[in-house]
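Only one structure is covered here, and it is reproduced in the block below.
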Amino acid sequence: MSAEKATHRPESFQPKGGRGGPGTPWSAEDLQTLKQLYEKGMERQDIAKQLGRSRNSVNAKITYARESQRWHRVVHKWDENQKKRLLELRDEGKTFREIGRILGRNGEGVRNKFRELRPGLSVRKWTDEDHEIASKLHSKGYTVYQIGREMNRHPSTVEYYVLDNQYQRHHSAKPWTPEEEFKMYKMHEAGFSPHEIADKLGRSRQIIWTRLTPRSSGVIRRFTPSEDAKLKELRESGKKWEEVRDLMPDRTILQLRGRWSLMNGSRKRRSR
Numbered sequence: 001m002s003a004e005k006a007t008h009r010p011e012s013f014q015p016k017g018g019r020g021g022p023g024t025p026w027s028a029e030d031l032q033t034l035k036q037l038y039e040k041g042m043e044r045q046d047i048a049k050q051l052g053r054s055r056n057s058v059n060a061k062i063t064y065a066r067e068s069q070r071w072h073r074v075v076h077k078w079d080e081n082q083k084k085r086l087l088e089l090r091d092e093g094k095t096f097r098e099i100g101r102i103l104g105r106n107g108e109g110v111r112n113k114f115r116e117l118r119p120g121l122s123v124r125k126w127t128d129e130d131h132e133i134a135s136k137l138h139s140k141g142y143t144v145y146q147i148g149r150e151m152n153r154h155p156s157t158v159e160y161y162v163l164d165n166q167y168q169r170h171h172s173a174k175p176w177t178p179e180e181e182f183k184m185y186k187m188h189e190a191g192f193s194p195h196e197i198a199d200k201l202g203r204s205r206q207i208i209w210t211r212l213t214p215r216s217s218g219v220i221r222r223f224t225p226s227e228d229a230k231l232k233e234l235r236e237s238g239k240k241w242e243e244v245r246d247l248m249p250d251r252t253i254l255q256l257r258g259r260w261s262l263m264n265g266s267r268k269r270r271s272r
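Using the UniProt record's numbering, the letters of the sequence shown map in sequence onto residues 1 to 272.
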């Protein structure tokens, strides 16, 4: 292999925008440019990209300069036009960082001003489309961090709405019908996975899993003899599970089905 080929680095590994790569000393000109960009309010990530430096290197220089040379950001007052523009851009779905670049401000400052203008609405509303995209990515094995990067969302937001199923709890989803619930349990009995059931019913996998899991904060309360007798009477009279649940409201269908299966198993063992 020639020396030229041995020392050549692919274009993707070359420092971008740049004066310096890893380990390159900071010149007086670099430091002056860093100071100007920082005091203007540019994001550190953008400063690093413009200078061709790592973010850690930029952070270290800024931290040192703030303490030793008293660097301070120049505070620019917000006029009414900028406030109006901020709200317009946010309503269009722009992130605070994107808005900061458009307005020439720091993303954190943009976020703080938005919170001041619209208290309690600093987080972009989680929409049906967001939930669909995030759920599909999650089903493909994406982590919350990867989904967050794809959607310009914080990982904690993705985790809250997708993994913790908060969207379904807060969102006015279509109500469940007895027929739909019956189909769900029939497919579950036939061996379909929650994901397959969700696809067939047009529901989220998380909500299917939740409905198939007994809702209890602790140990399920044991069935009493009177409950067993009532369950036996209702099932032998031909009542559907939805009707049994309505007549025994303290129990879920899953609990009732489990108890009925156990009762039948006990009777079969005694008859042998």
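All C-beta atoms, glycine included, are put in the ideal place defined by N, C-alpha and C.
Just so we're clear, the structure is a prediction, and the values are computed from it rather than from any experiment.
- Under a 10 Å Cβ-count criterion, LYS136 is classified as exposed, with fewer than 16 other Cβ atoms of the shown protein chains found around its own Cβ.
- Ranked by how close their Cα comes to the Cα of ARG97, the residues GLN32, GLU180, ARG153 and THR210 have ARG153 in first place.
- HIS138 is not a Cβ neighbour of VAL110, given a cutoff of 8 angstroms.
- For the pair of segments examined, the segment 249-267 was found not to touch the segment 190-199: the number of CB pairs separated by less than 8 angstroms stays below three.
- DSSP, reduced to helix, strand and coil, places GLY202 outside both helices and strands of the structure shown, so it counts as coil.
- Rounded to whole angstroms, the separation of the alpha carbons of LEU231 and ASN264 is 12 angstroms.
- For VAL144, the enclosing alpha helix (DSSP H) starts and ends at 144-151.
- The continuous alpha helix (DSSP H) containing ARG101 extends over residues 96-103.
- In this structure ASN106 is buried. Its beta-carbon is surrounded by 16 or more other beta-carbon atoms within 10 angstroms.
- For the options ARG118, VAL158 and LEU103, the alpha carbon positioned closest to that of THR127 is the one of VAL158.
- Under the three-state reduction of DSSP, ASN112 is assigned to helix.
- In the DSSP assignment, LEU86 falls within the unbroken alpha helix (DSSP H) covering 80-91.
- Secondary structure at MET184: helix, using DSSP grouped into helix, strand and coil.
- Runs of the alpha helix (DSSP H) lying entirely within the UniProt domain "Myb-like" (219-266), each at least 4 residues long, are 225-236 and 241-247 in chain order.
- Boundaries of the alpha helix (DSSP H) around ARG44: 44-51.
- If you check the CB distance, GLN45 and LEU37 do not come in under 8 angstroms.
- Across the set TRP241, MET151, ARG53 and GLU129, the C-alpha of MET151 shows the shortest separation from the C-alpha of THR95.
- Beta-carbon to beta-carbon, LEU34 and LYS83 are separated by about 29 angstroms, too far to satisfy the 8 angstroms threshold.
- Scanning its chain for C-beta atoms nearer than 6 angstroms, with the 5 sequence neighbours on each side dropped, one finds around ARG205 the residues PRO194, HIS195 and ALA198, in chain order.
- In the three-state DSSP reduction, ASN106 falls in the coil class, being neither helix nor strand.
- Under the DSSP assignment, HIS154 falls outside any alpha helix (DSSP H); it carries neither an H nor an E label.
- Under the three-state reduction of DSSP output, TRP209 falls in the helix class.
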